[in-house]
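Visitor: Pasting a structure here, questions to come.
Number of protein chains: 2
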Amino acid sequence: MPTGPGAKLADVAALAGVSVGTVSNVLNRPDQVSFDKRSRVLAAIDQLGFVRNESARSLRSGSTRSLGMLVLDVRNPFFTDVALGAENVAEDHKHSLILANSAENAGREQAYLDLFEQQRVQGVLITPFGNVLERLEKMRTRGIPSVLVDRLASTDQFCSVSVDDVAGGATALDHLVSIGAVRPAFVGGPFTLQQVEDRYRGAADAAQRAGLPLQLFETPDLKFERGRQIGDLMWNLQPAKRPDAVFAANDQLALGLLQSFAANGLRVPEDIAIVGFDDIDFASQSSIPLSSISQPRQLIGERAAQLLFDEIDDEPGHVHSQVVFTPELVARQSTLRR
Amino acid sequence: MPTGPGAKLADVAALAGVSVGTVSNVLNRPDQVSFDKRSRVLAAIDQLGFVRNESARSLRSGSTRSLGMLVLDVRNPFFTDVALGAENVAEDHKHSLILANSAENAGREQAYLDLFEQQRVQGVLITPFGNVLERLEKMRTRGIPSVLVDRLASTDQFCSVSVDDVAGGATALDHLVSIGAVRPAFVGGPFTLQQVEDRYRGAADAAQRAGLPLQLFETPDLKFERGRQIGDLMWNLQPAKRPDAVFAANDQLALGLLQSFAANGLRVPEDIAIVGFDDIDFASQSSIPLSSISQPRQLIGERAAQLLFDEIDDEPGHVHSQVVFTPELVARQSTLRR
DNA sequence: GTCTTGTTTTGAATCGATTCATTCAAGAAC
DNA sequence: GTTCTTGAATGAATCGATTCAAAACAAGAC
Chain A
1 MPTGPGAKLA DVAALAGVSV GTVSNVLNRP DQVSFDKRSR VLAAIDQLGF VRNESARSLR
61 SGSTRSLGML VLDVRNPFFT DVALGAENVA EDHKHSLILA NSAENAGREQ AYLDLFEQQR
121 VQGVLITPFG NVLERLEKMR TRGIPSVLVD RLASTDQFCS VSVDDVAGGA TALDHLVSIG
181 AVRPAFVGGP FTLQQVEDRY RGAADAAQRA GLPLQLFETP DLKFERGRQI GDLMWNLQPA
241 KRPDAVFAAN DQLALGLLQS FAANGLRVPE DIAIVGFDDI DFASQSSIPL SSISQPRQLI
301 GERAAQLLFD EIDDEPGHVH SQVVFTPELV ARQSTLRR
Chain B
339 MPTGPGAKLA DVAALAGVSV GTVSNVLNRP DQVSFDKRSR VLAAIDQLGF VRNESARSLR
399 SGSTRSLGML VLDVRNPFFT DVALGAENVA EDHKHSLILA NSAENAGREQ AYLDLFEQQR
459 VQGVLITPFG NVLERLEKMR TRGIPSVLVD RLASTDQFCS VSVDDVAGGA TALDHLVSIG
519 AVRPAFVGGP FTLQQVEDRY RGAADAAQRA GLPLQLFETP DLKFERGRQI GDLMWNLQPA
579 KRPDAVFAAN DQLALGLLQS FAANGLRVPE DIAIVGFDDI DFASQSSIPL SSISQPRQLI
639 GERAAQLLFD EIDDEPGHVH SQVVFTPELV ARQSTLRR
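Chains A and B supply the protein sequences, listed in that same order. With this note's numbering applied, the first sequence has no gaps in its numbers, which climb one by one up to 338 at the end. With this note's numbering applied, the second sequence has no gaps in its numbers, which climb one by one up to 676 at the end.
Put into structure tokens, the structure is as follows:
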């Protein structure tokens with residue numbers, strides 16, 4: 001009687017004196033098994049330390065009880081929060097979430113999609129980086145649907161969950177105007193990123209409505225270091241030309257600006273007000289708490305997972321939908337009215 | 339001739355006019371197949387859009403090409419960095435890493451270990467939360483070895499990769515003394531956390547060697563908010579009794595102190611110097627860049643994964659080893675010599 | 001032309017859980 | 001006492017890739 005390593009369902013059946021079918025039923029439909037057989041099986045499972053082989057299970061049953069999630073950067077708290085939301089929903093459906101990191105690398109992105117296909121995940125949550133929409137459509141015809149996360153689907157071929165960046169940008173600029181800004185500026189780039197483009201557009205429109213010009217400081221990326229550089233650059237401007245309020249395309253940039261201003265003796269918000277975007281934890285934890293535009297990160301993950309299960313569970317009747325959240329302002333000290 | 343959804347290996351074989359064995363060989367031992375058959379098979383795979391079924395593969399071969407990793411908190415950048423290091427090594431070995439989040443919850447921890455066993459992962463990287471060492475030993479006897487991460491194994495039953503927190507604490511305090519601190523303090527807790535205990539002990543020993551008392555501010559956890567509270571509390575002390583240098587058990591606390599001091603008008607480092615622990619990205623990105631004790635996070639993940647593969651590949655000959663890294667000081671503005 | 005040796009190719013057996021058509025048992029109905 | 005009904009239990013067939021012993025083939029050696 002084999003024990004410990006490699007006890008299989010048949011061994012359990014033998015020990016409990018029942019058939020393999022009954023053991024399988026105890027595992028999957030316990031209420032269809034009489035009390036005494038069920039307890040005998042359970043005892044045998046316990047005694048042998050039996051653990052069901054998931055590969056065999058899913059080979060036979062054809063379903064894997066797992067989702068794949070592919071994000072641009074696991075180190076970015078935004079994505080871990082989104083993933084957390086998705087994982088909670090997956091757990092409710094007794095699925096597990098395989099989290100993978102494309103690291104903004106088209107090759108890795110493809111490799112992980114390969115993996116997901118091989119593993120026969122039930123569905124995929126993805127923030128696309130490369131040109132994968134065509135492949136995703138093909139995957140759906142093979143029975144693996146997907147939902148776009150943090151990306152508005154341009155076709156109606158997919159469900160998507162995203163955030164209205166244009167509205168967010170407008171909110172940020174309206175706020176700066178409301179606290180008395182007269183020389184607002186936008187910091188961010190590159191404009192090939194849809195999100196940067198949208199946030200800028202929202203802000204520019206709002207500035208126009210307020211009858212103010214919007215200075216633009218374009219950056220090649222959204223990292224902290226760029227913010228510091230732009231901050232130093234602003235410091236070197238004549239005070240009359242220097243912006244009195246800045247909207248940064250994300251919090252990293254905003255924190256860079258803040259550090260630069262602190263080092264140079266510019267006071268925030270008295271000399272320059274700052275509002276960021278994303279509302280990462282560290283926005284509120286900065287020496288001068290940073291105002292920011294907040295996205296419902298966990299909710300984004302939850303909704304995305306729900307839409308995915310919708311399609312998994314009701315494939316023929318499913319209608320694709322685009323969920324767009326409106327981000328909200330969280331005002332803190334960095335934009336205190338002067 | 340079935341196409342697209344559900345093309346299986348036998349279909350490929352039929353289309354290419356070879357046996358299933360040959361197709362399998364093309365997939366797994368391509369150099370043992372003649373050129374023309376190989377290219378015919380490859381063409382057929384392409385034409386049918388065949389994707390190998392990983393469940394079937396691992397059921398038959400008995401191995402899964404995947405590792406499980408269980409961390410205390412995916413939202414903590416420390417763990418995502420460690421995971422990144424581990425993933426890189428896993429990728430070199432053509433394995434994938436399943437990252438799971440116990441969220442400091444013993445129930446979830448057990449549930450994920452269940453999952454790992456069912457999935458027959460080849461090995462587990464874990465920062466234990468609950469009482470799981472016994473279970474991990476049992477799993478090893480069943481062929482699933484594990485390595486402890488960020489935890490020194492107390493027995494020689496496991497490999498482990500950790501950091502010398504006592505040395506880190508001593509380094510922090512030596513540094514404060516070297517810049518002229520005479521009333522140093524330690525902020526952190528609870529002392530049931532081994533790491534807090536160790537960091538404090540290292541600092542206390544160092545203070546004693548320097549002939550200085552070490553004030554202790556104990557906290558119930560290591561969160562930002564606590565740091566702010568302790569900061570406010572220090573502000574209310576008489577200046578002569580107030581610490582002139584603080585070692586915080588982690589960077590979150592340190593950032594909390596910093597925010598409180600900034601709000602109350604205490605100057606850092608002139609009035610109070612601060613050194614944190616972990617050197618998270620935001621330590622350097624604070625308005626006043628924060629000195630910190632830095633751990634080689636990615637390296638920790640890499641070494642842990644290497645040790646794990648060592649045991650997987652050479653199970654009988656494997657000798658458990660404890661790798662202990664010594665953390666390093668990164669001095670920044672918050673501890674500038676006065 | 002036969003024998004060796006080495007390289008390719010073949011295909012039936014296999015991994016372990018699930019499925020489902022079938023058998024069995026026990027009580028209900030007549 | 002016989003037939004029905006219903007719920008429980010059975011076990012052979014199945015999922016799809018891998019394995020490996022055996023067969024087929026090729027290339028040299030003599």
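Glycine included, C-beta positions come from ideal geometry on N, C-alpha and C.
Please compile the residues from chain A whose C-beta is within a distance smaller than 9 angstroms of the C-beta of residue 492/B.
Guide: What residue 492/B touches in chain A: nothing, since even the nearest Cβ is about 25 angstroms away.
Visitor: Counting along the chain, where does the alpha helix (DSSP H) carrying residue 672/B start and finish?
Guide: First-last for residue 672/B: undefined, no H or E at that position.
Visitor: Our contact map puts residue 85/A next to residue 297/A with C-beta atoms below 8 angstroms; I'd like the distance itself, whole angstroms only.
Guide: With a Cβ gap of about 7 angstroms, residue 85/A and residue 297/A count as contacting.
Visitor: Where do the ends of the beta strand (DSSP E) carrying residue 522/B lie?
Guide: 522-526 is the span of the beta strand (DSSP E), which, as asked, contains residue 522/B.
Visitor: Can you check whether the CB of residue 462/B is closer than 7 angstroms to the CB of residue 484/B?
Guide: The answer is yes: Cβ separation under 7 angstroms.
Visitor: Using a Cβ cut-off of 7 angstroms, which residues of the region 606-626 of chain B contact any Cβ in chain A, in chain order?
Guide: Cβ contacts with chain A: 620, 623, 624, 625, 626.
Visitor: Our contact map puts residue 258/A next to residue 274/A with C-beta atoms below 8 angstroms; I'd like the distance itself, whole angstroms only.
Guide: Right, their Cβ atoms sit about 6 angstroms apart.
Visitor: Considering only residues of the same chain and omitting the five flanking positions on each side of residue 459/B, which have a CB-CB separation below 8 angstroms?
Guide: For residue 459/B, where only same-chain residues beyond five positions count, the Cβ hits under 8 angstroms are 402, 404, 405, 406, 436, 482.
Visitor: Starting from the Cα of residue 453/B, find the closest Cα among 91/A, 204/A, 278/A and give me that residue.
Guide: When each option's Cα is compared against that of residue 453/B, the closest is 91/A.
Visitor: Quick check: the Cα distance between residue 508/B and residue 623/B, rounded to an integer number of angstroms?
Guide: About 25 angstroms.
Visitor: Which two residues bound the contiguous beta strand (DSSP E) that contains residue 485/B?
Guide: Segment 484-487, the beta strand (DSSP E) holding residue 485/B.
Visitor: Go ahead and pull the three-state DSSP assignment for residue 552/B.
Guide: Note: residue 552/B maps to coil in three-state DSSP.
Visitor: Are residue 304/A and residue 247/A closer than 7 angstroms when you measure CB to CB?
Guide: Contact flag unset, no.
Visitor: Quick one: which chain B residues come within Cβ less than 7 angstroms of residue 52/A?
Guide: Those within 7 angstroms of residue 52/A in chain B are 456.
Visitor: Whose Cβ in chain A lies nearer than 9 angstroms to the Cβ of residue 557/B?
Guide: None at all; the shortest Cβ gap to chain A is about 16 angstroms.
Visitor: For residue 413/A, which residues from the same chain have a beta carbon less than 6 angstroms from its beta carbon, with the 5 sequence-adjacent residues on both sides left out?
Guide: Since the first residue shown for chain A is 1 and the last is 338, residue 413/A is missing from the structure and cannot be characterised.
Visitor: Would you kindly report the start and end of the unbroken beta strand (DSSP E) that includes residue 322/A?
Guide: That run of the beta strand (DSSP E) goes 322-325.
Visitor: So which residues of chain A does residue 396/B contact, with C-beta pairs closer than 8 angstroms?
Guide: The answer, in chain order, is 55.
Visitor: Less than 7 angstroms between the C-beta atoms of residue 396/B and residue 58/A, yes or no?
Guide: Taking 7 angstroms as the Cβ cut-off, residue 396/B and residue 58/A do not qualify as a contacting pair.
Visitor: Which residues does DSSP pair with residue 277/A in a beta bridge?
Guide: Paired residues: 293/A.
Visitor: Within the same chain, show all residues whose beta-carbon is closer than 7 angstroms to that of residue 7/A, passing over the 5 residues directly before and after it, in chain order.
Guide: Once the five neighbours on either side are set aside, the close Cβ partners of residue 7/A are 48, 49, 50.
Visitor: Kindly list the residues whose CB is nearer than 6 angstroms to the CB of residue 515/B, restricted to its own chain and excluding five residues on each side of it in sequence; keep chain order.
Guide: For residue 515/B, where only same-chain residues beyond five positions count, the Cβ hits under 6 angstroms are 548.
Visitor: Does the count of Cβ pairs from the region 266-273 of chain A and the region 147-166 of chain A closer than 8 angstroms reach three?
Guide: Counting Cβ pairs under 8 angstroms, fewer than three are found: no touch.
Visitor: Within a Cβ cutoff of 8 angstroms, which residues of the same chain sit near residue 570/B, ignoring the five residues on either side of it in sequence?
Guide: Result list for residue 570/B: 598, 602, in chain order.
Visitor: With which residues is residue 245/A paired in a DSSP beta bridge?
Guide: Partner(s): 184/A, 273/A.
Visitor: Using Cβ-Cβ distances below 8 angstroms, what residues of the region 223-250 of chain A are close to chain B?
Guide: Cβ contacts with chain B: 224.
Visitor: What number of angstroms, rounded off, separates the C-alpha of residue 469/B from the C-alpha of residue 560/B?
Guide: Answer to the nearest angstrom: the Cα atoms are 22 angstroms apart.
Visitor: Does residue 527/B pass the burial test, meaning 16 or more other C-beta atoms within 10 Å, or should it be called exposed?
Guide: Under this definition residue 527/B is a buried residue.
Visitor: Rounding to the nearest angstrom, what Cα-Cα distance links residue 414/B and residue 491/B in this structure?
Guide: Those two C-alpha atoms are separated by around 22 angstroms.
Visitor: Report all residues from its chain with a CB closer than 7 angstroms to the CB of residue 506/B; omit the five preceding and five following residues, and keep chain order.
Guide: Taken in chain order, the residues that qualify are 537, 540, 615, 631, 665.
Visitor: Looking only at its own chain, which residues have a Cβ that is under 8 angstroms from the Cβ of residue 228/A, when we skip the five neighbours before and after it?
Guide: Contacts found: 256, 257, 259, 260.
Visitor: Find the residues of chain B that neighbour residue 75/A, judging by a C-beta separation of less than 8 angstroms, and give them in chain order.
Guide: Under the 8 angstroms cutoff, chain B gives 415, 418, 419, 422.
Visitor: Between which two residues does the alpha helix (DSSP H) containing residue 474/B stretch?
Guide: Its alpha helix (DSSP H) spans residues 471-479.
Visitor: Is there at least one Cβ from chain A nearer than 7 angstroms to residue 434/B's Cβ?
Guide: Taking Cβ atoms only, chain A reaches closer than 7 angstroms to residue 434/B, which makes this a yes.
Visitor: I'd like to know if residue 262/A contacts chain B, where contact means its C-beta is closer than 7 angstroms to some C-beta of that chain.
Guide: True, the Cβ-Cβ gap to chain B drops below 7 angstroms.
Visitor: My understanding is that residue 434/B touches residue 450/B, with C-beta atoms under 8 angstroms, so please give their C-beta distance in whole angstroms.
Guide: Not quite, the Cβ-Cβ distance comes to about 16 angstroms (not below 8 angstroms), so this is no contact.
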